[in-house]
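First up is the structure itself, then whatever we jot down about it.
Number of protein chains: 2
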Amino acid sequence: MGIVVQKFGGTSVANTERIRNVANIVTDAYKAGNDVVVVVSAQGDTTDDLIEKAKEIGAKTSKREMDVLLSTGEQISMSLLAMEIQGRGYPVISLTGWQAGIITNSSYGEARIKRIESERLMRELDRHNIVIVAGFQGINKYDDITTLGRGGSDTSAVALAAALKADVCQIYTDVDGVYSADPRKVKNARKLSVISYDEMLELATCGAQVLHNRSVEMAKKYNVKLQVLSSLTRAEGTEVRGGISVEKMLISGVTKDNDVARISIVGVDNEPGVAFKLFSLLAQKGVNVDIILQSVGRGSKKDISFTTTLSSLDTALEVINAHMSLFGAAEVISDTSVAKVSIVGAGMINNTGVAAKMFEALYDANINIQMISTSEIKISVLIDKNMADLAVSTIHSKFIQD
Amino acid sequence: MGIVVQKFGGTSVANTERIRNVANIVTDAYKAGNDVVVVVSAQGDTTDDLIEKAKEIGAKTSKREMDVLLSTGEQISMSLLAMEIQGRGYPVISLTGWQAGIITNSSYGEARIKRIESERLMRELDRHNIVIVAGFQGINKYDDITTLGRGGSDTSAVALAAALKADVCQIYTDVDGVYSADPRKVKNARKLSVISYDEMLELATCGAQVLHNRSVEMAKKYNVKLQVLSSLTRAEGTEVRGGISVEKMLISGVTKDNDVARISIVGVDNEPGVAFKLFSLLAQKGVNVDIILQSVGRGSKKDISFTTTLSSLDTALEVINAHMSLFGAAEVISDTSVAKVSIVGAGMINNTGVAAKMFEALYDANINIQMISTSEIKISVLIDKNMADLAVSTIHSKFIQD
């Protein structure tokens, strides 16, 4: 009865059969009396194929031209879906990022949405058209095509939902909701019927790949109600929304993240400003730092350890090695055999002893903790990568299956 | 020195190696001091692959959505070429049809260019950028993507050359010029160094596939100097321009066209308005009629014969059968075993006896003429399809090799 935004990822539109399935979902929502806006990603491997073509050219590819190239992927899938829906007799129109008024900044390859100029979208909805929009892409102030980078289509969907004041933004994926732990790894992992934005954000940061952080942050900012659903089973999924989790669970989920490298700088000068210098240099080079741990200084020296992603490791080491004298440091050690295991839950704010219970679970399983990081609704530990799955299932049993 | 528009077809950009070859041609023109605008088609089989995807959907595909789909082809090739040129250190930018300001009407799939809004193009040239434009596509007044249909990229190139007042519009193809007959079929076929627009128009109509008529018509209208060149051999090609052919040849070329069907309506009422009714009905259904022949009426009845393309045959027969009573006709006969053989040449305007010489050649080869059509610079005959190659070589010998 209101406006529904539905987003379908690359696997959901990978081939003709899948496109017909998506058309079923879309037309069902339309028949139920909704205004329907659909956001699609590129079909399955299209993006990889396009990247392969660019690699074959082999030049240091211009980011602007890369975006011109990659944006064709969604244009293909949106037109095919529109054809299928039109073939069933429904009024439908597809719109590229620029046609849909998705205005971004000029950071090609990782553009940010600045605003949605929704006149055209509203006009098409007023004409009772089902509107299919290319995800992942927009246009900058120079009328050049941009792409939004990782999680871009989710972000497109949430931005459109916010601009249109949609009743709900449904994210269809190949899993049927958000689970308390990876269901492929942990027996009895529970599907959550509802989760708060903050919990979802922490879960996303911790490696649960269901929704990209950018889209959840935007949903939180504009209070867009999200639903995570499977395009295949059409089972009831997980709702992501504001307010406290109605389930009152102590923790919502346990996750692991293998994309972690630990770097330790040993023998840093124990004086003010060292951490500032180090982390601003890393930030300048675009190195995202996650957990930071600083040893208590003894005398004139101390140690600083931090974690980053595997892909940032080389850059981080280069930066540090180029400035060893600046820190007065003796040695740099890096370790990629680590994983981050986290528990997330709004319930832990008002509960003491959650951390202790987590550490107890790890002790029971004889797993050594290398680093610890906490936020109001999250506790993360860095452990040996080989022990990560065991850690997740042990913690999950302790908190959720007990 | 001036502005050069270069157009490269699908085979010229079919793969990375070919794209590098095109980049050589483009950068050579740029290094020579020209402002260079490049128009590209979709890579080799891309368009066919996209059509195949749409066919798999199988619905009566919306023409608007088909254009959204097909327009991705040129967007892919233009970005790849831009990457290659940029990798060599030249300033370059790619523009889609809408970015290049190619404004068309709304006939999706066969749109006509209405005007070029060249501000962006001029701005990029002022910045000394090599500008690569997607051929075959434009945008209508609703901001929707359109495609130009057959010969679209040639038309894009000529329209841009006209709008930018380019010094020359170079059409690179897989042949190295315009020949006096198909060189694969006729020994001693001559490459023409120059040909007039009108001759080129007649040759194109007669099945010489080098340039599409629409582009030649536009070139004539805006007096754009065309060059037909091979992107592979880079040999001197054929220039198409205004004025009389400097070669003073009686005829420029001999062509055949197998895409012909003949329809005869026997026993039509011998009264005014019958031809008008017939051909306006056919025009309404989009049936292009080429040669028309009407028998001298004897008494109350006469016969009307005409030719059309093979793809229009069914539609034409439907139209006629549905209106037989309107014409008072007795019978409709169609024949697809025919071909049209034509001679073209500005020289024949001032020469009598050209037709007689052509008919003599056919008589020598014992080939029967079914229909005859003439214009100021062209004579076409309809003959048995199996005799067409023999007819072409016989006529070619008579006029050109003699």
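Heads up: the sequence lines are chains L and U, in that order. Read the first sequence against numbering that gives the first Met the number 0 and you will find it ends at 401, with the numbers running on by one and no gaps. Read the second sequence against numbering that gives the first Met the number 0 and you will find it ends at 401, with the numbers running on by one and no gaps. C-beta: ideal position from N, C-alpha, C; glycine also.
| Item | Value |
| --- | --- |
| CB contact flag (L/ARG213, L/LEU381, <8 Å) | no |
| Backbone CA spacing between L/LEU159 and L/LYS30 [nearest angstrom] | 21 Å |
| Any 3 or more C-beta pairs closer than 8 Å across the stretch 190–200 of chain L and the stretch 17–33 of chain L | no |
| One or two residues paired with U/LYS30 in a DSSP bridge | Answer is none; U/LYS30 lacks a bridge partner. |
| Status (buried if at least 16 other CB within 10 Å, exposed otherwise) for L/VAL245 | With a pLDDT of only 46 at L/VAL245, under 50, the local geometry of the prediction cannot be trusted, and the value read off the model is given with reservation. Exposed, since its Cβ has fewer than 16 Cβ neighbours within 10 Å. |
| L/ILE394, DSSP secondary structure in three states | helix |
| Neighbour flag for U/GLY151 against chain L, beta carbons, 8 Å | no |
| Where U/ASP44 falls: helix, strand or coil (DSSP) | coil |
| Buried versus exposed call for L/ASN187 [16 or more other C-beta atoms within 10 Å across all chains shown] | exposed |
| Contact check, L/ILE303 vs L/ILE250, beta carbons under 8 Å | no |
| Under the three-state DSSP convention, the category L/LYS186 falls into | coil |
| Where U/THR237 meets chain L, residues with beta-carbon distance less than 9 Å | The contacting residues do not exist; U/THR237 stays about 31 Å from chain L at best. |
| Exposure label - L/THR306; buried when at least 16 CB within 10 Å | buried |
| Close beta carbons around U/GLY8, own chain, < 6 Å, minus the five adjacent residues each side | SER40 and THR172 |
| Proximity below 8 Å, CB of U/VAL12 to CB of U/ILE18 | yes |
| Among U/ILE56, U/LYS184, U/ARG87 and U/ASP142, nearest to U/SER105 - alpha-carbon criterion | U/ASP142 |
| Opposing strand residues paired with U/THR146 [DSSP bridges] | U/GLN136 |
| Coil, strand or helix - L/SER311 by DSSP | helix |
| Residue range of the unbroken beta strand (DSSP E) whose run includes U/TYR171 | 167–172 |
| Cα-Cα separation, U/LEU147 to U/GLU109 | 5 Å |
| Stretch-stretch touch, CB-based, cutoff 8 Å, three pairs: the stretch 85–94 of chain L with the stretch 127–145 of chain L | yes |
| Chain L residues whose Cβ lies nearer than 8 Å to that of U/ASP142 | GLN98 and ARG119 |
| Under 8 Å between C-beta atoms of U/ASP66 and U/TYR107 | yes |
| Contact list for the stretch 52–75 of chain L against chain U, Cβ threshold 9 Å | LYS52, ALA53, GLU55, ILE56, GLY57, ALA58, LYS59, THR60, SER61, ARG63, GLU64, MET65, ASP66, VAL67, LEU68, LEU69, SER70, THR71, GLY72, GLN74 and ILE75 |
| 8 Å Cβ cutoff, L/GLN85 in contact with chain U | yes |
| Three-way DSSP call (helix, strand, coil) for U/TYR141 in this model | coil |
| Contact with chain U by L/ALA81, beta-carbon distance below 8 Å | yes |
| Other residues of its chain near U/ILE414: CB distance less than 8 Å, five sequence neighbours each side excluded | Within the shown structure, residues of chain U are numbered from 0 to 401, placing residue 414 of chain U beyond reach of any answer. |
| Given U/GLN5 as reference, the closest of U/ARG63, U/LYS140, U/LEU309 and U/ASN23 once Cα atoms are compared | U/ASN23 |
| Distance, U/LYS62 Cα to U/GLY344 Cα | 39 Å |
| Under 8 Å between C-beta atoms of L/ALA156 and L/GLN74 | no |
| Closer than 8 Å to chain U by CB, L/THR15 | yes |
| Neighbour list for L/SER93 in chain U, Cβ cutoff strictly below 7 Å | GLU64 and VAL67 |
| For L/THR373, the residue or residues it bridges with in DSSP | L/ILE378 |
| Which of helix, strand or coil DSSP assigns to L/ARG404 | With chain L covering 0 to 401 only, the question about residue 404 of chain L has no answer from this structure. |
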